[in-house]
Amino acid sequence: MGNSSNRGKVNIILNAVGTMLVYSGHFGISAMSPSILAQYNGKKGVNEHLIFNGFALSSISTVVFCPFIAPTISKIGTKASLVLGGVLMGALNCSLYYPAALTFLVGTGLNGIGCALMRASSLKYLTDNSPTEKLARNLGLHWSIFMQCIFVGNLIMLLGVGNSTYISDGLRYEYTICY
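Under my numbering, residues 9 to 187 are what the sequence shown spells out, in order.
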């Protein structure tokens with residue numbers, strides 16, 4: 009019983025750390041996107057409103073996909089949903105390899121769906137693997153680890169990019185691959 013309980017704690021912590029790392033990348037790329045797209049202003053459909061429109065689309069796609077989250081997780085399973093959510097969140101990273109209005113909007117739309125799926129499946133995994141009497145503690149632990157993504161993602165961007173207004177293709181590729 010003790011070994012099973014310890015494995016459950018480790019899995020819950022690994023789930024929280026994994027989700028935190030994926031979202032750290034999300035926040036880092038979100039912070040880098042304006043600098044990247046500013047270099048393409050006036051080209052390939054990119055304009056000063058694209059960042060706002062893209063992240064608004066991300067939020068809208070998250071909300072629109074919400075009714076389909078539970079059926080998706082039930083159909084493909086919790087772990088597959090975690091992986092699929094992470095892959096879809098990576099669409100934003102991929103859209104910055106070829107910065108254009110269409111690729112950015114598609115990337116942010118898929119990113120929103122991935123965010124919804126990743127958070128829901130991460131919390132489902134947590135609740136499925138927590139005994140009722142430990143659920144509140146495990147949710148608090150998960151949330152406290154996960155929320156470090158805001159700090160970590162933006163800290164990485166601060167240390168890596170700083171106050172640069174120009175981000176070279178090499179640096180852009182390096183960061184999008186790392187995230």
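All C-beta atoms in this analysis are idealised placements derived from N, C-alpha and C, irrespective of residue type, glycine included. Given the structure is predicted, the values throughout are model-derived calculations rather than measurements.
- Beta-carbon to beta-carbon, S69 and G117 are separated by about 5 angstroms, close enough to satisfy the 8 angstroms threshold.
- In terms of Cα proximity to A64, the closest of L166, M126, N119 and L167 is N119.
- Shortest Cα-Cα distance from L125 to any of V160, N55 and P75 involves P75.
- Out of M155, A24 and S129, the CA that lies nearest to the CA of T86 is found in S129.
- With three or more CB-CB distances shorter than 8 angstroms, the segment 24-34 counts as touching the segment 156-164.
- The C-alpha of Y106 lies about 10 angstroms from the C-alpha of Y48.
- Measuring C-alpha to C-alpha distances from K52 to each of P79, M165, L104 and H150 identifies L104 as the nearest.
- Exclusion of the five residues before and after A108 leaves K52, G53 and V54 as the residues of its chain whose Cβ lies within less than 7 angstroms of its Cβ.
- No Cβ-Cβ contact shorter than 7 angstroms links N146 with N19.
- The beta carbon of G115 sits closer than 8 angstroms to those of G62, A99, L100, N101, C102, S103 and L104, all from its chain and outside the five residues before and after it, given in chain order.
- Membership of V72 in the alpha helix (DSSP H) is indicated by the continuous run L58 to I84.
- For A108, no alpha helix (DSSP H) segment is defined, and its DSSP state is neither H nor E.
- Close CB contacts of M165 within its chain, under the 7 angstroms cut and outside five residues either way in sequence, are with G36, A39 and M40 (chain order).
- Exclusion of the five residues before and after K132 leaves I81 and T86 as the residues of its chain whose Cβ lies within less than 7 angstroms of its Cβ.
- In terms of Cβ geometry, I59 and P79 do not form a close pair [threshold 7 angstroms].
- Under the three-state reduction of DSSP output, G50 falls in the coil class, being neither helix nor strand.
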